[in-house]
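Chains as they are written, first to last, in this note's numbering: chain A, 1 to 308; chain B, 1 to 274.
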Amino acid sequence: MIEAQSLTKRYGQRTAVDAASFTVRPGKVTGLLGPNGAGKSTTMRMIVGLDRPTSGSVRVNGHFYAEHSAPLHEVGALLDAKAIHSGRSAYNHLLALGATRGIGAARVREVIDLTGLQAVAGKRVGGFSLGMGQRLGIAAALLGDPQTLILDEPINGLDPEGVLWVRGLLKHLAAEGRTILLSSHLMSEMAMTADHIIVFGRGRVIADAPVADIVGQGAVTSVRVSSPQAAELARLLAAPDVQVTSASGSTLDVAGVSAATIGGVAASNGLVLHELTTVTGSLEEAYLRLTADEVEYHTQSVTPEVVR
Amino acid sequence: MSTLAQPSLARSSHIDASNRGLSATGILRSEWIKLRSLRSTWWSFGIIFAIQIGMAVLFSLTATDRFAQISGAEATNAAVSVTTVGLLFGQLVIAVLGVLVISGEYATGQIRSSFMAVPSRLPVLAAKAIVFSIATFVVTLVSIVVAYLVTMPILAGVGVQANPFDGALWLHFLGAAAYLVFIGLVSLGIGAALRSTPGGIAASLGLMLVVPTVFQLIPAAWSTTLAEWLPSSAGRNLYYWGGTFEPWQALLVMLGWVAVFITTAAVLMKRRDA
């Protein structure tokens, strides 16, 4: 259980995290989602006591991180893959980390096996690829068999097999009743892995809900209809709560009415349909809608048209 | 075929549930693993060993005319000056290593892993200082003793008979090893405060090489006096007796320097975001 109350971090004039309050509960995977610079990493660093909050507080299992007598057992964290001395071997890195609380070589070999690092465990970390660095970071996070796991962009740089493995691992650990918090700016990944999502935008919590709710509230379900008699169909469907937009001459996007109703209307009026598809809003659309005003680093579209 | 184990880590049988807390011995062991698992440590200590012996041999072979037929305290002093001449170089190596042991953690991000494992932070600095001090002391002392044994027959050949059972001889050797420990700790404090390898090395070597020269260039009595108090000058009295300070005074001056630098580093380490 991670509880943040009015957590705030300012760097000079810039506010990285702005009065964020949220609770991460055990037994499920909670995703911290937000654009670059939204305050996800800063929040995680405050959870594990690396950064001191300007105001507010964050506790893990009821205590400040620094108060835990065995922090590695309470919380395992992968903050970024570069939190490892590049001149040391993976094995020695884990051994030194574990030694602080009496974790020996047997457990070190166990997490090395678990993360598939056997072949490179004796090599210096400086030569590791991004993916191997991530695996070592995950191995370090798992070393103390922690109740709470915090992972900042864990799938960054992993190969598809590694991505699947992390996804399975996190679900498995959550099912054991552990608290799992991971961050990502990849909404599709969140949709696959997380049960609950906290959306950050410019340091503020702008949504905190189960994945299904975020998708449901943020995105509109519409029906795509293609017909040679599109104009006539649009006229027949017209109603106060129905929105019809024309994508092209023969294609309509209809919101506020089901595909079955549209099919019925077309059939009873003898209109030909070439396509009738229900379009469900994706988490990605919901996310972009939520964060549209909160993106810190706007990009210019390469085409003149404005990206939704 | 998957190279990854299934995520069935459950409760690990390899973690002793009764020994969950942080302990001083655990943190010391961690820092010892860190120190011994880096190449820079072995290179630095290797260079100190080689230089210490190499320069002692060179010095004894070329300067023997100066020490013709002496014995007693005079012979002891001659043996000490021959075996410790390599410290002039060794102090620079240890100053660099002292900075590296901590700045390397900041440069690579390792410090975040270290502080997550030990959130109160200061035990990390303390354990690092202790482990580094012991290693430096042992390596320096062994280097000097080996240098003494190697040069003994050469010196004996020109009639310098330093009595190996002379307590003063060994006090000199202990002082020399302590000198490098103090220089290393001052550099460790500098590295921890500056958190940068290039900056730390520049500041540390600057304190050893440039600052004394600057003080000597200022034509004033106070400047000359102050120069005597600098770590590189005062510390030399630990193994080169008969200077400005008695050995015990030099010990206090060096402890003072270490206290100033390590305390500054500790305060900053505790207060700053990692």
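Using N, Cα and C, we set each Cβ at its ideal position, and we do this for glycine too. Since we're looking at a predicted model, the values are computed, not measured.
Own chain, CB closer than 8 Å to residue 309/A, minus 5 neighbours either side, in chain order
Chain A is shown only over 1 to 308; residue 309/A falls outside these bounds and no answer can be derived.
At a cut of 8 Å, does the segment 32-42 of chain A reach the segment 174-187 of chain A through at least three beta carbon pairs?
Put simply, the segment 32-42 of chain A touches the segment 174-187 of chain A. At least three CB pairs are less than 8 Å apart.
According to a CB-to-CB cut-off of less than 7 Å, which residues of the segment 33-57 of chain A neighbour chain B?
So the close ones are 48, 49, 50, 51 and 52.
Would you call residue 161/A buried or exposed, if buried means 16 or more other Cβ atoms sit within 10 Å of its Cβ?
So residue 161/A counts as exposed.
Which residues of chain B have a Cβ atom closer than 8 Å to the Cβ of residue 84/A, listed in chain order?
Simply 108, 109, 110 and 113.
Under 7 Å, Cβ to Cβ, is there at least one residue of chain B near residue 72/A?
Yes, because at least one Cβ of chain B sits closer than 7 Å to the Cβ of residue 72/A.
Euclidean distance between Cα positions of residue 309/A and residue 88/A
Outside the shown range of chain A, which is 1 to 308, sits residue 309/A, and nothing can be said about it.
Would the beta-carbon of residue 255/A fall within 7 Å of that of residue 222/A?
Contact: yes.
Quick one: any contact between the segment 128-146 of chain B and the segment 44-54 of chain B, if contact means 3 or more CB pairs under 8 Å?
Counting C-beta pairs closer than 8 Å gives three or more between the segment 128-146 of chain B and the segment 44-54 of chain B, which meets the contact rule.
Using only the alpha-carbon positions, how far apart do residue 240/A and residue 246/A sit?
A direct Cα-Cα distance of roughly 17 Å separates residue 240/A from residue 246/A.
Using a Cβ cut-off of 7 Å (strictly closer), state whether residue 118/B contacts chain A.
Yes - at least one Cβ of chain A is within 7 Å of the one on residue 118/B.
Beta-bridge partners of residue 9/A, as assigned by DSSP
17/A, per the DSSP bridge assignment.
Would the segment 225-239 of chain A and the segment 199-212 of chain A be scored as touching if the rule is three or more Cβ pairs under 8 Å?
Result no; under three Cβ-Cβ pairs closer than 8 Å.
So is residue 222/B buried or exposed if we call it buried at 16+ other beta carbons inside 10 Å?
Flag for residue 222/B reads exposed.
Quick one: is residue 257/B buried, meaning 16 or more other Cβ sit within 10 Å of its Cβ, or exposed?
Buried, because 16 or more other Cβ atoms sit within 10 Å of the Cβ of residue 257/B.
Suppose you measure from the CA of residue 257/A to the CA of residue 238/A; what does that come to, to the nearest Å?
If I take the Cα positions, the gap works out to 10 Å.
Could you tell me which residues DSSP pairs with residue 275/A in its beta bridges?
According to DSSP, which records beta bridges pairwise, residue 275/A is partnered with 226/A.
Checking contacts by CB at 7 Å: is residue 87/A closer than that to chain B?
Using a CB distance cut-off of 7 Å, residue 87/A counts as an interface residue toward chain B.
Given that residue 33/B touches chain A, what residues does it touch there, using C-beta distances under 7 Å?
What residue 33/B touches in chain A: 92, 95, 96 and 99.
Determine the extent of the beta strand (DSSP E) in which residue 35/A is found, giving its start and end residues.
Here residue 35/A belongs to no beta strand (DSSP E), and DSSP marks it neither H nor E.
Mind checking whether residue 60/A and residue 2/A have CB atoms under 7 Å apart?
A contact, by the Cβ cut-off of 7 Å.
Suppose the cutoff is 7 Å on Cβ atoms and the five residues either side in sequence are ignored; what does the same chain contact list for residue 143/B look like?
So the qualifying residues of the chain are 48, 49, 52 and 53.
Per DSSP, the bridge partner or partners of residue 63/A:
Answer is 60/A, bridged to residue 63/A.
Delimiting residues of the alpha helix (DSSP H) encompassing residue 257/A
Looking at the DSSP string, residue 257/A is not in any alpha helix (DSSP H), and its letter there is neither H nor E.
Quick one: using the 10 Å Cβ neighbour count with 16 as the cut-off for buried, is residue 153/B buried or exposed?
By the 10 Å Cβ count, residue 153/B comes out exposed.
Alpha helix (DSSP H) runs wholly inside the segment 206-257 of chain B, at least 4 long, in chain order
The qualifying runs are 211-217, 221-229 and 231-234.
Beta-carbon of residue 53/B versus every beta-carbon of chain A: anything under 7 Å?
Taking Cβ atoms only, chain A never reaches closer than 7 Å to residue 53/B, which makes this a no.
Give a yes or no on whether the C-beta atoms belonging to residue 125/B and residue 254/B are separated by under 7 Å.
It is not a contact, given that the beta carbons lie outside the stated cut-off.
Contact criterion: CB-CB distance below 7 Å. Does residue 66/A meet it with respect to chain B?
Taking 7 Å as the CB threshold, residue 66/A lines the interface with chain B.
Give the DSSP-derived three-state secondary structure of residue 84/A in the structure shown.
Assignment of residue 84/A by DSSP, reduced to helix, strand and coil, places it in the coil class.
If I follow the unbroken alpha helix (DSSP H) through residue 241/A, where does it start and stop?
Going by DSSP, residue 241/A is part of no alpha helix (DSSP H) at all; its letter is neither H nor E.
Within chain A, the residues that residue 27/B reaches when beta carbons sit closer than 7 Å:
Simply 100.
Just to check my reading of the structure: residue 9/A and residue 109/B have Cβ atoms closer than 8 Å, yes? What is that Cβ distance to the nearest angstrom?
Contact doesn't hold; Cβ gap of about 19 Å is too wide.
Under 8 Å by Cβ, that's how I've got residue 67/A and residue 147/A pegged, so tell me the actual separation to the nearest angstrom.
A Cβ-Cβ distance of about 15 Å is found for the pair residue 67/A and residue 147/A, leaving them out of contact under the 8 Å criterion.
Closest Cα partner of residue 26/A within the set 34/A, 150/A and 112/A
Selected option, being the one with the closest Cα: 150/A.
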